[in-house]
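Numbering (full-length UniProt numbering), first residue to last: 1 to 410.
Backbone N, C-alpha and C define an ideal beta-carbon position, used for all residues, glycine too.
First up is the structure itself, then whatever we jot down about it.
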Amino acid sequence: SNNLRITPSLAKVLLHTHEWAVLPSAIAYKNSDWMQYLNSNPRQSKLECLGQRLRCPVCFVPALPEKFSSLSCGHLFCNECWSTHFEVQITQGVSTGISCMAQDCGLLAPEDFVLSLLTKMPLREKYQEFAFRDYVKSHPELRFCPGPNCKFVFRSKEPKAKRTACEHCMISFCFKCGTDYHAPTDCATIKKWLTKCADDSETANYISAHTKDCPRCHICIEKNGGCNHMQCYNCKHDFCWMCLGDWKSHGSEYYECSRYKENPNIVNESVHAQAREALKKYLHYYERWENHSKSLKLEAETLEKIKSRINAKVMNSSGTWIDWQYLVDAAALLAKCRYTLQYTYPYAYYLEAGPRKELFEYQQAQLEAEIENLSWKIERAETTDRGDLENQIDIAEKRRTTLLKDFLDV
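So this is what it looks like as structure tokens:
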């Protein structure tokens, strides 16, 4: 504002309009009508004069000239109508977009002009809150934390797709697009995926069931933990929750479980057959996406149970928190790995068939296998050897970082 010799309020309008780029704002100011609009004095009103009074073109109430105000465009309105105009706009969530009331006049009202005519303190506070929100949203280097009721603002000089963690509300998000962090899937792809998930409501009923039948004795089993390695309480059969395959042979067949087998002859089929195949493919990936989302929630409950058990052990003098901290670390690493695994499925869904997809699905399967092994051991922490658990933590994290290193495009 000092360099251009304009007020801070007008500088905000100029910068906000040009996404806070200083040089383009200065050039636009010097090469356009900004000089005229921002620095000119109100033009002589053509309103009808009644003695020493003017008639407002909105409410038609005559008043003394000092009861009128105008932006630099010269359109005079009484202060009461300006105030009412601002109140209506603010209650609708508008702040930096408030403009002159005159028809076809788009001149924006600067902050000092609005605040000079707003007398109600709650509205003044709302206006400033909304204006601050607009300024942050329009700034390419700033991002609000998307956490519930969290007002923290983050800044990055290179707004690429990167993980940003909020220490206040403990969530992580993508700085570039503002959604939950989604590596290895890029911003455009995750947007397509989330839109598709929201639109395809028929999947809700398909996925909603928390129960499946044991593939051996056919008794109904409910999934109450995050691990996909299931053991039937009736016949003790071990199987995979996702594909219902025998777990004994599953270690070498994870690639077959996580990948979708394309029909090579589908291009020669009817339109209806192709539509069915497309839905089948989508459900394959969506079911796994949704399953890992549910597993994350269940494993968060498991973490709370682990903390309760640790507290009980500490109270009974069975070691200190430091002695049992490795269990909490294991659960935290499990959540980190499963979170990454969940976001591999949108990536795989949109990835074109070929050697790159085959390599990705292989690494995805390896990561999934190690995650399920880790989850199984954490849920049975009382009988799991500490060294074995810590070794599994290292293996799972190496699988995760290797996949991200090979396929994260930023």
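By Cβ distance below 8 Å, which residues in the same chain neighbour residue i in space, the five residues on each side in sequence not counted?
i, result
"VAL22", "LEU15"
"VAL314", "THR320, TRP321, TRP324"
"LYS212", "CYS220, ILE221, LYS223, TRP241, LEU244"
"GLU358", "none"
"ASP329", "ILE393"
"ARG376", "Per the sequence shown, the amino acid found at residue 376 is Trp instead of Arg. Closer than 8 Å at the Cβ level, and outside the excluded window around TRP376, lie CYS227, HIS229."
"THR384", "LYS377, ILE378"
"THR402", "GLN363"
Would you report the Cα separation of residue i and residue j, rounded to the nearest angstrom?
i, j, result
"PRO146", "VAL136", "13 Å"
"THR119", "TRP82", "11 Å"
"SER95", "GLY178", "22 Å"
"ASN391", "ARG356", "29 Å"
"GLN363", "ALA26", "51 Å"
"LEU123", "LYS297", "40 Å"
"LEU408", "PRO184", "5 Å"
"ALA61", "THR189", "Rather than Ala, the amino acid found at residue 61 in this sequence is Val. Each residue's alpha carbon lies about 57 Å from the other."
"GLU299", "ALA365", "20 Å"
"ALA102", "LEU351", "53 Å"
"ASN311", "ARG380", "17 Å"
"GLU19", "PHE132", "14 Å"
"ASP394", "THR195", "35 Å"
"LYS236", "LYS248", "13 Å"
"CYS337", "ASN316", "33 Å"
"GLN52", "VAL88", "30 Å"
"ASN373", "TYR347", "23 Å"
"ASN39", "ASN149", "Bear in mind that a pLDDT of 41 at ASN39, under 50, signals an unreliable position, so the number given afterwards is only what the model happens to contain. ASN39 and ASN149: Cα-Cα distance of roughly 40 Å."
"GLY318", "LEU142", "Looking at the sequence itself, residue 318 is Ser, so the reference to Gly does not match. If I take the Cα positions, the gap works out to 48 Å."
"GLU304", "GLU290", "22 Å"
"TYR233", "GLU382", "19 Å"
"ALA273", "LEU279", "10 Å"
"HIS168", "ARG400", "26 Å"
"GLU158", "PRO140", "9 Å"
"LYS405", "LYS398", "10 Å"
"ASP186", "PRO24", "30 Å"
"ARG309", "MET121", "51 Å"
"LYS162", "PHE173", "8 Å"
"SER138", "ILE90", "18 Å"
"LYS192", "CYS166", "26 Å"
"ALA63", "LEU115", "21 Å"
"ARG276", "CYS105", "54 Å"
"ASP388", "LYS126", "56 Å"
"CYS217", "SER295", "24 Å"
For residue i, I'd like the list of residues in its chain whose CB is within less than 6 Å of its CB, leaving aside the five on either flank, ordered along the chain.
i, result
"GLY79", "First, the amino acid is wrong: residue 79 is Asn here, not Gly. If we look at ASN79 and ignore the five residues flanking it on each side, its Cβ neighbours are LYS67, SER69, LEU117."
"TYR215", "Looking at the sequence provided, one finds Pro at residue 215 rather than Tyr. Taken in chain order, the residues that qualify are PHE239, LEU244."
"ILE171", "GLY147"
"CYS100", "LEU71, CYS73, HIS75, LEU107"
"PRO110", "SER9, LEU10, VAL13"
"GLN231", "ASP238"
Assuming the contact rule is C-beta atoms closer than 8 Å, residue i and residue j should be a hit. Round their C-beta distance to whole Å, please.
i, j, result
"TYR282", "ASP200", "7 Å"
"TYR343", "HIS182", "5 Å"
"PHE175", "SER156", "5 Å"
"LEU367", "LEU341", "6 Å"
"ASP134", "THR7", "About 18 Å; that fails the 8 Å criterion."
"PHE130", "GLY93", "6 Å"
"TYR345", "ARG288", "5 Å"
"ALA331", "ILE378", "6 Å"
"ALA396", "GLU370", "4 Å"
Output the boundary residues of the alpha helix (DSSP H) element that contains residue i.
i, result
"CYS197", "187 to 199"
"CYS337", "321 to 342"
"PHE407", "386 to 407"
"HIS18", "No alpha helix (DSSP H) holds HIS18; DSSP gives it neither H nor E."
"SER375", "355 to 379"
From the DSSP output, read off the bridge partner residues of residue i.
i, result
"SER70", "LEU76"
"SER172", "ALA165"
"SER99", "LEU108"
"LYS212", "ILE221"
"ARG155", "LEU142"
"PHE130", "DSSP, once it has assigned bridges, lists no residue as partnering PHE130."
"residue 419", "Summary: the structure shown does not reach residue 419, with the chain confined to residues 1 through 410, and so no result is reported for it."
Can you tell me where the beta strand (DSSP E) holding residue i begins and where it ends?
i, result
"GLN52", "Here GLN52 belongs to no beta strand (DSSP E), and DSSP marks it neither H nor E."
"HIS229", "229 to 231"
"ILE221", "220 to 222"
"PHE60", "First-last for PHE60: undefined, no H or E at that position."
For residue i, which residues from the same chain have a beta carbon less than 7 Å from its beta carbon, with the 5 sequence-adjacent residues on both sides left out?
i, result
"TYR260", "LYS281, HIS284, TYR285"
"ARG386", "TYR326"
"ILE306", "LEU327, VAL328, ALA331, ALA381"
"GLY225", "LEU298, THR302, GLU379"
"HIS292", "ARG338, LEU341, GLN342"
"VAL58", "PHE77, CYS81, MET101"
"ALA353", "GLU262"
The ligand GDP and residue i: does the residue's C-beta get closer than 7 Å to at least one heavy atom of that ligand?
i, result
"HIS18", "Within the structure as shown, the ligand GDP is missing, as the structure has no ligands at all."
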